[in-house]
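The structure under discussion appears below in the form of structure tokens.
Chains as they are written, first to last, in the working numbering: chain V, 790 to 1046; chain P, 996 to 1447.
Below, the structure written as structure tokens:
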């Protein structure tokens, strides 16, 4: 589904991703872990199409198409969804209006008619229940005055409604208490399917206790330095990132210096 | 703009108005007291002259075009040519209102209608009142809007011949809104009109009054309006001023509100039209316990100019004023927000909050925002804030990342910026209309409206 090859990305002139290779197949859940500043969020954002990120080399293909050449909205329409680490508050636009506009933009792209008003209500109610969001929530301004937990639930709720093929979750567990974490994890798990893939970016093992990944990759200084299964995440939780840093051979330039 | 074929170059705009007054003074007529007031106002205008950009409150307002055009007084114009179909776009869908129409400042009875009103409520024209009950008017008309420091109020006072008169007696609640529709139109010559409105709210009365200012391009018109409001003890007034004149029009409007004890006024000003539009709202709290919600929305494009000056005088203690003005400026348009709140020495327990936010949609748009607070009392809660910014690119990206195209994302966010003011409109059909007006002014905004 997603094929990333030798991806290099600069942010504000500084190279953050220094050659990422990652292949994700249908149905797989991949976790990317790493210490702060390793480039995890950059990886998520660049897949979603954040303009301030400059791709300086490599490629990313989504279902065979050149993902990096697409506008952010077209990526979403093709089926890429990123749950934001910091969802934006937009007073004056209701959750309902926003979500309906998104659903219809995606349907239009695929040559489908706008969603029927009643169908939309039914769809939204079902998914809202899954995440324990009450009815007043749809009428409120988009993320306006939401607690950290509500914002993250809203991200997963949007994901559930839009039903993307590839879900990129950027630190979705950060700032959640244990109850909210369970709810969010349930929401994510409910979306696991043989046709859908997930890329879960996280600093901590916590979320992965609930959303058990098929593969875990450790990102350090813009490169994937180790890959393994769910046990790798547990090891990281127990021993921290230090032992991986020890194991990692220094890049040749650095060794010469 | 219509090419002005009769280029009567008016060398001195002030002298033109002075001469005009001399020749039409008799025709303007009215009771003796009013004639005396007119004379004084004209003298004052002559002394003040038109403001230039050296004047603090006119620093960002270029009046050159307005003063160069040879406007003829509407008194010579005929209030015909406007038919009721022309007015449809300025109504509010299913909303049932009494409607008074004024064409170039003169009452147009065949376009107006009154629905059944509670006993004692009077909705009529100033001209009619001057004929039938000049002594009733004398107590109020020209008593609130001061012309001493304001040449445009002085001009209006000297020249007005008509306008709306709304009186709601003590304890009376008027359920349906009263719509005052003031139309400016011109044919060959640019026309100036000076409508004068008076709204009197008796003790404990309640009403909703909507003033719409309307016009059509390519008419070149100058509307110089004054509205005086006296809100009696515990009166409740919900007032809307919606300025939708043509982009070829000039509009200067002054509204003066006197609030008595425990009265509650909400005044909303929406400025969309006009080549140059300026609103001045002055509120005076003369007795304790009053509350004021003062909202404004200005949305400009092209080379439009929209200015909003507000002044709130907290003279009496324990009054509350909450002010929110928002501006959306595109193209090469210009805007001014200048808000002054004065809290006098005895006005303890005053609560005053003033917020002005501006959204610039283009690099060439310009806005000057000057919030102001002068506090002489020591036990008050006051604050003010002002921001000027562009759309939040994080928010644009957030919407796009959900499949919404960039233009729609920017439109949605621009609409949302205005929504804060529009959502405070209490009359639903008016709110819906304003929604539509804002959306229709967004680039290809029509598609957005369907789902809003």
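Using N, Cα and C, we set each Cβ at its ideal position, and we do this for glycine too.
When C-beta distances to chain P are compared with 9 angstroms, the residues of the segment 872-884 of chain V below that value are 873, 875, 876, 877, 878, 879, 880, 881 and 882, in chain order. Contact annotation: in the segment 1408-1420 of chain P, residues whose CB is within less than 8 angstroms of a CB in chain V are 1408, 1410, 1411, 1412, 1413, 1414, 1415 and 1418.
According to the DSSP assignment, residue 1177 of chain P belongs to no alpha helix (DSSP H) but to the beta strand (DSSP E) extending over 1173-1179. The beta carbon of residue 1299 of chain P is closer than 6 angstroms to those of 1328 in its chain, skipping five residues each way along the sequence. Excluding the 5 residues flanking it on each side, residue 834 of chain V has same chain C-beta neighbours closer than 8 angstroms at 842, 871 and 959, in chain order.
By the criterion of a C-beta distance shorter than 7 angstroms, residue 1212 of chain P is surrounded in its chain by 1241, 1242 and 1243, once the five residues flanking it on both sides are discounted.
Bridge pairing for residue 1363 of chain P: P:1331 [DSSP]. Three or more beta-carbon pairs drawn from the segment 1250-1260 of chain P and the segment 1284-1291 of chain P are found closer than 8 angstroms, and the two stretches are therefore classed as touching. If you look at residue 973 of chain V, you'll find it isn't in any beta strand (DSSP E); it sits in the alpha helix (DSSP H) that goes 967-979. Membership of residue 1265 of chain P in the beta strand (DSSP E) is indicated by the continuous run 1259-1266. In the DSSP secondary-structure assignment, residue 1068 of chain P is bridged to P:1187.
If you check the CB distance, residue 1425 of chain P and residue 1235 of chain P come in under 8 angstroms. Boundaries of the beta strand (DSSP E) harbouring residue 1271 of chain P: 1271-1280, taken from the DSSP string. With 16 or more other Cβ atoms inside 10 Å of its own Cβ, residue 1096 of chain P counts as buried.
A Cβ-Cβ contact shorter than 8 angstroms links residue 1338 of chain P with residue 1370 of chain P. Residue state for residue 982 of chain V is assigned as coil, using DSSP reduced to three classes. In the three-state DSSP reduction, residue 1147 of chain P falls in the helix class (H, G or I). With its beta carbon less than 8 angstroms from one in chain V, residue 1389 of chain P belongs to the interface. Given a length threshold of 3 residues, each whole run of the beta strand (DSSP E) inside the segment 1083-1162 of chain P is given here in chain order: 1093-1098 and 1117-1120.
DSSP places residue 1336 of chain P within a strand segment (E or B) once states are collapsed to three. Ranked by Cα distance from residue 1344 of chain P, the options P:1355, P:1310, P:1155 and P:1382 are led by P:1310. Residue state for residue 1209 of chain P is assigned as strand, using DSSP reduced to three classes.
Distance check between residue 801 of chain V and each of V:791, V:845 and V:893 places V:845 closest, using alpha-carbon atoms only. Of the other Cβ atoms in all chains shown, fewer than 16 fall within 10 Å of the Cβ of residue 1029 of chain V; this residue is therefore exposed.
Here DSSP, grouped into helix, strand and coil, assigns residue 859 of chain V to coil. At a C-beta separation below 9 angstroms, residue 1396 of chain P has these neighbours in chain V: 837, 838, 839, 861, 862, 864, 865, 869, 870, 871 and 873. Going by C-alpha positions, residue 1144 of chain P is about 25 angstroms away from residue 1069 of chain P.
The criterion of a C-beta distance shorter than 8 angstroms is not satisfied by residue 1216 of chain P and residue 1249 of chain P. The beta carbon of residue 1385 of chain P lies closer than 8 angstroms to those of 1354, 1355 and 1356 in the same chain, with the five residues before and after it left out.
By the C-beta density criterion, residue 826 of chain V is exposed, having fewer than 16 other C-beta atoms within 10 angstroms. Per the Cβ contact rule, the segment 966-985 of chain V is not in contact with the segment 888-899 of chain V (fewer than 3 Cβ pairs under 8 angstroms). For residue 951 of chain V, the C-beta contacts it makes with chain P under 9 angstroms involve 1397 and 1398, in order along the chain.
At a cut-off of 3 residues, the continuous stretches assigned as beta strand (DSSP E) that sit fully inside the segment 996-1044 of chain V are 1004-1009 and 1012-1017. With respect to the 8 angstroms criterion, residue 1014 of chain V and residue 822 of chain V are not classified as neighbours on the basis of their beta carbons.
Taking a Cβ-Cβ threshold of 9 angstroms, the residues of chain V close to residue 1401 of chain P are 860, 861 and 862, in chain order.
Distances from the alpha-carbon of residue 896 of chain V to those of V:794, V:867 and V:1020 put V:867 closest.
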